[in-house]
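Trainee:
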Amino acid sequence: MIWTILMIVVAVALYLFVGKIFPKDPKKGRTMVAHYAKKSLKIVAIILLVIGVNRTGIGTNYYLTQANPMILQEMAQNMQGKRSETNNREVRRFIRKHGADMAKHAPILGNADAKNTIFVFTDYTCPYCRRAHNELNRVLAERDDVRVVIKNFSIHGVLNDDAARATIAATLQGQDKAAKLVDMLFEKDFWPSDLQGKSQDEVARLVHRSVMDIAQKAGLSVVQLQEDMQGPIVQAELDSVRKAVQELQIGGTPYLIVGEQAFPGAVPFQQIMQALR
Numbered sequence: 000m001i002w003t004i005l006m007i008v009v010a011v012a013l014y015l016f017v018g019k020i021f022p023k024d025p026k027k028g029r030t031m032v033a034h035y036a037k038k039s040l041k042i043v044a045i046i047l048l049v050i051g052v053n054r055t056g057i058g059t060n061y062y063l064t065q066a067n068p069m070i071l072q073e074m075a076q077n078m079q080g081k082r083s084e085t086n087n088r089e090v091r092r093f094i095r096k097h098g099a100d101m102a103k104h105a106p107i108l109g110n111a112d113a114k115n116t117i118f119v120f121t122d123y124t125c126p127y128c129r130r131a132h133n134e135l136n137r138v139l140a141e142r143d144d145v146r147v148v149i150k151n152f153s154i155h156g157v158l159n160d161d162a163a164r165a166t167i168a169a170t171l172q173g174q175d176k177a178a179k180l181v182d183m184l185f186e187k188d189f190w191p192s193d194l195q196g197k198s199q200d201e202v203a204r205l206v207h208r209s210v211m212d213i214a215q216k217a218g219l220s221v222v223q224l225q226e227d228m229q230g231p232i233v234q235a236e237l238d239s240v241r242k243a244v245q246e247l248q249i250g251g252t253p254y255l256i257v258g259e260q261a262f263p264g265a266v267p268f269q270q271i272m273q274a275l276r
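Numbering (numbering that gives the first Met the number 0), first residue to last: 0 to 276.
(1) Along the chain, where does the alpha helix (DSSP H) that runs through Ile213 open and close?
(2) Under 8 Å, with one C-beta from each stretch per pair, do the segment 229-247 and the segment 190-201 reach the 3-pair mark?
(3) Tell me, which residues are paired with Gly109 by DSSP?
(4) Go through its chain and collect everything with a Cβ distance to Gln260's Cβ below 8 Å, but skip five positions before and after it.
(5) Measuring straight from C-alpha to C-alpha, what distance separates Pro253 and Asn159?
(6) Using 8 Å as the Cβ pair cut-off and three pairs as the minimum, do the segment 213-227 and the segment 175-190 touch?
(7) Have a look at Arg29 and Ala12 and give me their C-alpha separation to the nearest angstrom.
(8) Rounded to the nearest angstrom, what separates Gln199 and Arg276 at their Cα positions?
(9) Could you tell me if Ile256 is buried or exposed, where buried requires 16 or more neighbouring beta carbons within 10 angstroms of its beta carbon?
(10) Using the three-state DSSP reduction, which class does Pro263 fall into: helix, strand or coil?
(11) Cβ atoms of Ile249 and Phe152: under 9 Å apart, would you say?
(12) Assign Leu277 to one of three DSSP states: helix, strand, or coil.
(13) Output needed for Arg283: all residues of its chain with C-beta closer than 7 Å, excluding positions within five of it in sequence on either side, in chain order.
(14) Please classify His104: does DSSP put it in a helix, a strand, or coil?
(15) Could you give the distance in angstroms between the alpha-carbon of Leu5 and the alpha-carbon of Lys242?
(16) 9 Å is my cut-off, CB to CB: does Phe262 come that close to chain C?
(17) Taking all protein chains shown into account, decide if Gln269 is buried (16 or more other Cβ within 10 angstroms of its Cβ) or exposed.
(18) So who's on the other strand from Asn151, going by DSSP bridges?
(19) Is it right to say Gly156 is buried, meaning 16 or more other beta carbons lie within 10 angstroms of its own, or is it exposed?
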C-alpha cells in the first residue's frame, strides 16, 4: 500500500514538474529531443497515476476482503444501528401520540389492562406471521403483565380481508372471543388449497364461508359478526392500521412494536422477552 501511494505521488510530481527537467531556453527554445522527452515523461506520469489509482482500489479490496474482513460487518452493523435508531425514534413519537387509539378497536390477546403492550402488524395467511404468533403466545404464557394488540395488515387481499374484518368485529362480542378467533385463524388454513382458475370473487366467497365456520366454532354469533364486519368500527380500525403503516413505512408482515421499539420480521421469543425488560 505504501509503494502504491509513493507511485501516485511520483506520478503527480513528474507530471507537474517535467517542465523543470527540460527547461525551455528563452533564446533557442527546446531541442526536438527535449520536446519529445517531455511528452514521453508526461505520458509515463499519466500511466503511473492510472496504475496507482487502480492498485489503490485493488489494495482496498484486498484490505476489506482478506486482511480485515470484519470491517465490512462493523460497517453494516453501524448502518443498521443508525437505521434502527432513526426508526425507533419515529416509532416512539407515533406510539406516544397514537398508542391509546391503536388499541381502541383492535383485537387484544392476554390481559387487556396489562401495562406492557406489544403491537403486531400481521396477516393471517403469512407463514412468518404464524411463527411470530406462536412466539407471542409463549410470551403471554410467561408474562401476565403483557398484552398483544393485533393490527390486521392485509397484504394478501381477498385471502385475508374477511379474516381481518372478522377478528376486529369479534371484539364487539368480547375480547376473549376475538382472541380465540385470532388463535384459530392462525392455526387453520381457511383459504382454498387450489387457487388456480378461481376468480377473486370466488376465492372471496370460499374464504368468507370458511372464516364464518371458524367464527361459529369460536363461540361467536355469525349473524351479528357479519353485520358488524361492514360497520364503522371495523372500518375505523382498518383506517387506523393503514395510517400507521404509512407513517411508520411498514413494508411487510410481521412487524412488532415492543414498548417503543420496532422489530420487523418473525422475532424470536427471547428477543421479545429482552425488549420487555
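In this text, a Cβ means the ideal position worked out from N, Cα and C, and glycines have one as well.
Computed from a predicted model, the values in this text were never measured in an experiment.
Mentor: In short:
(1) Annotation for Ile213: the continuous alpha helix (DSSP H) segment containing it runs Gln199 to Lys216.
(2) Short answer: they don't touch.
(3) For Gly109, which the question treats as bridged, DSSP gives the partners Arg146.
(4) Contacts found: Asn87, Val90 and Ala274.
(5) C-alpha of Pro253 to C-alpha of Asn159: approximately 14 Å in a straight line.
(6) Counting Cβ pairs under 8 Å, three or more are found: they touch.
(7) Only weak support is given to the placement of Arg29: the predicted model assigns it a pLDDT of 47, under 50, and the value that follows is read from those uncertain coordinates. The alpha-carbon atoms of Arg29 and Ala12 are separated by roughly 21 Å.
(8) Cα to Cα, the separation comes out at about 45 Å.
(9) Flag for Ile256 reads buried.
(10) The answer is strand: DSSP assigns Pro263 an E or B state.
(11) Note that the C-beta distance between Phe152 and Ile249 is below 9 Å.
(12) In this structure the chain extends from 0 to 276, so residue 277 is not present and cannot be described.
(13) Residue 283 cannot be examined here, being either before or after the span of the chain that is shown, 0 to 276.
(14) Coil.
(15) Cα-Cα distance, rounded: 58 Å.
(16) Given the protein chain composition of this structure (a single chain), no chain C is represented.
(17) With fewer than 16 Cβ atoms within 10 Å of its Cβ, Gln269 is classed as exposed.
(18) Bridge partners of Asn151: Thr121.
(19) The residue is exposed, with fewer than 16 neighbouring Cβ atoms inside 10 Å.
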